Every structure is written in structure tokens, then in C-alpha cells.
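End of the sequence shown = 440 in the working numbering, gap-free, step of one. Cβ atoms here follow ideal geometry from the backbone N, Cα and C, with glycine treated the same way. Small disclaimer: the values here were computed from a predicted structure and weren't measured. See structure below.
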Amino acid sequence: KQQWRNHLKYIRQHLPKNRQEQASKLACKQLSAICQNSRFVLSFASFDSEINIWLFNEQLCTEERLVLPLLSKNKLELFLVSNLNQLIP
């Protein structure tokens, strides 16, 4: 399993920037359409070479619908995010 993750991460890290941007825009557009009628949306804070869905998260945040997970002391907690500035790396 870890070998497969490493392989996929390698591929992700070596995608051309324009392909990464194209995939991010398409993902945000599709996620917005899928989640348009949802009261809250559990998302994730992408980083490194992960697909960038920050535009989607920003939209959800302004609509007060963004929920993000936080792993604290081996416990997963969920938080309604009302301001992206409150996020801590």
C-alpha cells in the first residue's frame, strides 16, 4: 500500500504546472456543482502536490458551509470554518 502511495505521489509531483492548474479548476467546478444543495461540506486543506481545491474551499467559507477536519491528540475533530485566516498549518 505504501509503495503504491509513493508511486502516485511521484506522478503527482511531476505533472506539468499547467496540467495541475487545469485539474484543480475542473475539480473545483465539479465539486461546486455536486455540493450546491448541501448545507455543509466536509473538505480538506490541500498542500504540497495535492490537487488544489482552495478556490472551492474559499467559496464554501464565504457561504458558511466549509467544514475541515483536524487531527488532535490522535482524535479527528471537525470544525466549521468561517474565516480561512483562522487556519494554522
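My assumption, with CB atoms under 8 Å, is that residue i sits in contact with residue j. Please give the rounded CB distance.
i	j	result
Cys435	Ser394	Going by the sequence as given, residue 435 is Leu instead of Cys. About 11 Å separates the two Cβ atoms, so there is no contact after all.
Gln353	Ser400	Contact doesn't hold; Cβ gap of about 17 Å is too wide.
Glu428	Leu438	Between Leu438 and Glu428 the Cβ distance is about 14 Å, and since that is not below 8 Å, they are no contact.
If we call anything under 8 Å between Cβ atoms a contact, is residue i one with residue j?
i	j	result
Ile402	Leu382	no
Cys412	Val392	no
Leu406	Cys379	yes
Could you give the DSSP three-state label for residue i: helix, strand or coil?
i	result
Leu435	helix
Ser389	coil
Leu419	strand
Lys426	strand
Lys352	coil
Applying the 10 Å Cβ sphere with the 16-neighbour rule, what's the burial state of residue i?
i	result
Asn408	buried
Leu417	buried
Contact criterion: CB-CB distance below 8 Å. Does residue i meet it with respect to chain C?
i	result
Arg356	In summary, chain C is missing from the structure at hand, where a single protein chain is found.
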